[in-house]
Amino acid sequence: MSFILSQAPPAGPVSITPLIVLAIYLCLLLGLALFSGKFFRGTSKDFFVASHSIGPFMLLMSVFGTTMTAFALVGSTGKAFQLGVGTYGMMASSSGLIHAACFFLIGIRVWSIAKRHGYVTQIQFFRSRFESSGLGYVLFPILVLLVVPYLLIGVIGSYRVIGPLTKGMFPDFFAATGGAIPSSITGIVICGVVLTYIFAGGSRAAAWANTFQTLVFMAMGVLAFYLISDKLGGLQAAIEQANPAHLVRTPSELEVMGKSGSFMRDIGISQITFLTYMFIPLSVGMFPHLFQHWLTAKSAKSFRLTVIAHPLCIAVVWVPCVLIGLWATGVFSENPSEAWPASAKGILGGLPDSSVGAVLSVTLKFLITNPVIVGLVTAGILAAIMSSLDSQFLCLGTIFTNDIVLHKAKKDRYSEKQIIMIARGFIIGIVLVTYALSLILEKQQNVFDLAVWSFSGFAALTSLVFASLYWKRATKAGAYACVLTVAASWLYFFIKSGGHEYTVGGVMPVAICFFAGAIAMVVVSLFTKAPSQETIEKFFP
Amino acid sequence: MKTAVFVLIVVVFGVLHQDFWNWDNPGLVFGSIPVGLAYHASYSVVAAILWAIAVKFAWPTRLEKWADGEEVD
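First to last, the sequence lines map onto chains A and B. 57 is the number that the numbering used here gives to position 57 of the first sequence; each next residue is one higher, with no gaps. Throughout, the numbering used here is defined as the position within the second sequence, counted from one, plus 1000.
Structure (structure tokens):
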């Protein structure tokens, strides 16, 4: 983004209509979420898990909206632009299979146990299953530290959308950014809107808002796809002008001509990377915010639609985004077709790998001239981002309140009102930390890389939840060994990579961390004392 | 038995996901969608069908009843 923003502002006035459309969208969203607050029952259970009242459609929309973030819309387009056609198979089709498997094999079982025994958080579940209060104190910082990068990709993703969109709109106010709204203001608005509706109605408001936002981003993704393909002369013409090197997965190096000279870019994906990337979608099995969404379900039957429709929803969002990314390789080349705007020439040809997250918004800006449409599609991208942020903020407040503050407190020490206030206070703290970090890191990190590291940590921990549900012999010591092994191996690879994309001879680190955690769980459990009969009966009906 | 069959099917799906035969195929389906993308988009549809079958034939009815407070055998 710094590359784009550092260019001179465009000549002539830039319409602020897209920004007005965005403002209207945000007002509508706030109105809907505040209305949902009328159903708030004032209890902490209602604030945290909507009193288990969410039906099938809203569960599908909120779960899908939560798993699809800047990663799906902004990241997928940029990744397809960067690597080529393999992006879809690497992340989307595997997610369709594995996410649904996690909902079916983990989600329904967790919901049943949590409902039967009254758990509100993931940590309560693990503490009880592994008969260990201390495990919660080990898991809490790990979960928070893994969610924070996930939050960052959302907030930074919004900067990468709003920056290019508003460039040239306010040259007198924001000269340093070429007239674009600075990230500091975008962050305040996005976080402020999300905070407002979470505070209004907790989990229910998040579910309502997510349903609305998921419908918006799916519809706007399809609209963007249609309009861009139409602008490029139809589906056939659009793909024909794309750089053909991006149509296959065979790894190769491509010389890219940038504004400051040529450089080499790796494209394609190796077989082993593609295979081991399949571990990443396992992350949904351990996302604490998804765990919380599962608990909002009215009944186990509410999961049916989510399990079946999730792979289809993924296809609806990802296929258009990947195609737009492929088309962009032709549009923004050194020699674009005569039919494309002259302004497109070379704009992205020389974009460094760390900035490809801006591909979608810049493609829109250069090809779609109708400001209302640009505003609507941008609203769709923000919808995808915010529908994840809300659940993550809420979940961090929930686990802090329940697993740290209330865990050792005597019953009735805090009133329902005080419990909700504590949750809100922690959420504000997390928002402030996320906001500060996003401003520090926005120019250094690729959105997609941060997401993969966050997902890798959660995915590697999935062996913990799977063993807790399906292996009676899984012990407290095994759980500690699993968590600590995953944390240590993840940290090792993260430090070694510098936070960027990294493989070990083509193997994704997540696969190594996952197996290390699973082996630690099995070996240590076999050599330590089995769980009590009472626990077995409680968790294995 | 049902669980074993579904585990086997999921493993087969895992293998089908690694479509090495499409790796360097630059062809287009319907002249507009790269083969590698069309294959995996179809894979998503088939995955949805797989899970619909799982919901129909392997639904954890007993667990559901237990969660609702009913006594189960």
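The beta-carbon is built from N, C-alpha and C at its ideal position, and this holds for glycine as well. Bear in mind that the values here come from a model prediction, so they are computed numbers and not experimental data.
- Of all residues in the stretch 517-541 of chain A, the ones placed with a Cβ closer than 9 Å to any Cβ belonging to chain B are PRO541, in chain order.
- Here THR306 (chain A) has LEU59, LEU60, VAL63 and PHE103 as same chain residues with Cβ atoms under 6 Å from its own Cβ, once five neighbours each way along the sequence are excluded.
- Pairing LYS1002 (chain B) with LYS1056 (chain B), the inter-Cα distance amounts to about 12 Å.
- In this structure, the beta-carbon distance from ILE381 (chain A) to PHE212 (chain A) does not fall below 8 Å.
- Near chain B, meaning a CB-to-CB distance below 8 Å, the residues of the stretch 74-98 of chain A are VAL85, GLY86, TYR88, GLY89, ALA92, SER93, SER94, GLY96 and LEU97.
- When beta bridges are read from the DSSP output, PRO1034 (chain B) appears opposite B:LEU1028.
- Cβ contact annotation for THR475 (chain A) (same chain, cutoff 8 Å, sequence separation greater than five): PHE130, VAL524, SER525, THR528, LYS529, ALA530 and PRO531, in chain order.
- Residue pairing by DSSP places GLU255 (chain A) opposite A:MET264 in a beta bridge.
- Taking the beta carbon of TRP1066 (chain B) as reference, the chain A residues within 7 Å of it are SER112, ARG116 and PRO541, listed in sequence order.
- If one requires a minimum length of 3 residues, no beta strand (DSSP E) run lies completely within the stretch 116-141 of chain A.
- Neighbours of ILE308 (chain A) in chain B, taken as residues at a C-beta separation under 8 Å, are given in chain order as ALA1048, TRP1051, ALA1052 and VAL1055.
- Between the alpha carbons of PHE225 (chain A) and ALA237 (chain A) lies a distance of about 14 Å.
- Using a CB distance cut-off of 8 Å, LEU1063 (chain B) counts as an interface residue toward chain A.
- Here VAL431 (chain A) is not near SER76 (chain A), since their CB atoms are 8 Å or more apart.
- Neighbours of LEU1008 (chain B) in chain A, taken as residues whose beta carbon is under 7 Å from its own, are absent, since the nearest beta carbon is some 13 Å off.
- Excluding residues up to 5 positions away in sequence, THR503, GLY506 and MET508 lie with their Cβ nearer than 7 Å to the Cβ of THR273 (chain A) in the same chain.
- It is roughly 43 Å from the alpha-carbon of CYS313 (chain A) to the alpha-carbon of ALA409 (chain A).
- Across the structure, SER133 (chain A) and ILE108 (chain A) are spaced so that their CA atoms are roughly 24 Å apart.
- Counting the other Cβ atoms within 10 Å of the Cβ of GLY201 (chain A) gives 16 or more, which makes it buried.
- Secondary structure at VAL248 (chain A): coil, using DSSP grouped into helix, strand and coil.
- The stretch 361-368 of chain A makes no contact with the stretch 111-124 of chain A; the number of CB pairs closer than 8 Å stays below 3.
- VAL452 (chain A) is classed as buried because its beta carbon has at least 16 other beta carbons within 10 Å across all chains shown.
- Distance from the CA atom of ALA520 (chain A) to the CA atom of ILE106 (chain A), rounded to whole angstroms, is 21 Å.
- For a Cβ distance threshold of 8 Å, residue set SER1044, VAL1045, ALA1047, ALA1048 and TRP1051 of chain B lies close to PRO311 (chain A), ordered along the chain.
- Within chain A, the C-beta atoms nearer than 9 Å to that of VAL1072 (chain B) come from PRO541, in chain order.
- Note on geometry: alpha-carbon atoms of LEU1028 (chain B) and LEU73 (chain A) lie some 23 Å from one another.
- Ranking A:LYS45, A:MET220, A:SER51 and A:ALA315 by CA distance to the CA of MET90 (chain A) puts A:ALA315 first.
- With its beta carbon less than 8 Å from one in chain B, MET278 (chain A) belongs to the interface.
- With a threshold of 8 Å between beta carbons, LEU247 (chain A) makes contact with chain B.
- For the stretch 366-424 of chain A, the continuous alpha helix (DSSP H) assignments of 4+ residues that do not extend past its boundaries occur at 371-399, in sequence order.
- Not one beta carbon of chain B lies nearer than 8 Å to the beta carbon of ARG127 (chain A).
- Beta-bridge pairing by DSSP links VAL504 (chain A) to A:VAL507.
- Just measuring C-alpha positions, the residue of A:PRO320, A:TRP318 and A:ALA467 sitting nearest VAL522 (chain A) is A:ALA467.
- LEU135 (chain A) has its alpha-carbon roughly 12 Å from the corresponding atom of HIS407 (chain A).
- Between TRP327 (chain A) and TYR88 (chain A), the CB-CB gap reaches or exceeds 8 Å.
- Take PHE458 (chain A), set aside five residues on each side of it, and the residues of its chain with a beta-carbon closer than 7 Å to its own are LEU146, SER283, MET286 and PHE287, in chain order.
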